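A.B. asks: Numbered per the working numbering, the sequence shown spans residues 15 to 89.
Before we start, here is the structure in question, set down as structure tokens.
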Amino acid sequence: MSADDVIAILKSFGFQVHSQKGSHIKLRRVGELGNETLIVPNHKQLDTGTCRAILRQASQYIPEEELFSYFYIGE
């Protein structure tokens, strides 16, 4: 899974690219409790652990069951 894939998934949940610093892209949306921010490394291929970390962070704002089908990583 690439950073572009992850960004497309998060955009489908209302996040927008806010800024980029170096190889990290900041995505933001305004939620019920204010700004919701996620950081995604801009790599062609994200490691499994990185995808899991992004899933864990995104699940603070989006129900995990909605995200799981996009981020499922089989062992």
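The beta-carbon is built from N, C-alpha and C at its ideal position, and this holds for glycine as well.
Small disclaimer: the values here were computed from a predicted structure and weren't measured.
Where does L52 fall in DSSP's three states?
C.D. replies: The residue given as residue 52 occupies position 38 in the sequence shown. DSSP places L52 in strand when its eight states are reduced to three.
A.B. asks: Is the Cβ-Cβ distance between H32 and K25 less than 8 angstroms?
C.D. replies: Taking the sequence shown and counting its residues from 1, the one referred to as residue 32 is at position 18. Taking the sequence shown and counting its residues from 1, the one referred to as residue 25 is at position 11. For H32 and K25, no; Cβs fall outside 8 angstroms.
A.B. asks: What whole-angstrom Cβ distance do F85 and C65 have, given they're in contact under 8 angstroms?
C.D. replies: Within the sequence shown, the letter at position 71 stands for residue 85. Within the sequence shown, the letter at position 51 stands for residue 65. Right, the Cβ-Cβ distance comes to about 6 angstroms (below 8 angstroms), so this counts as a contact.
A.B. asks: Taking 6 angstroms as the limit between beta carbons, can you name the residues of its chain near F27, skipping five residues before and five after?
C.D. replies: The residue you call residue 27 lines up with position 13 of the sequence shown. Around F27: I76.
A.B. asks: Suppose contacts are defined by Cβ-Cβ distances below 8 angstroms. Is N56 in contact with A17 by that definition?
C.D. replies: Within the sequence shown, numbered from 1, the residue matching residue 56 stands at position 42. Within the sequence shown, numbered from 1, the residue matching residue 17 stands at position 3. Yes, the pair counts as a contact, with Cβ atoms nearer than the cut-off.
A.B. asks: Is the beta carbon of L69 sitting closer than 8 angstroms to the one on M15?
C.D. replies: As a position in the sequence shown, residue 69 is number 55, starting the count at 1. As a position in the sequence shown, residue 15 is number 1, starting the count at 1. In this structure, M15 does not lie closer than 8 angstroms to L69 by Cβ.
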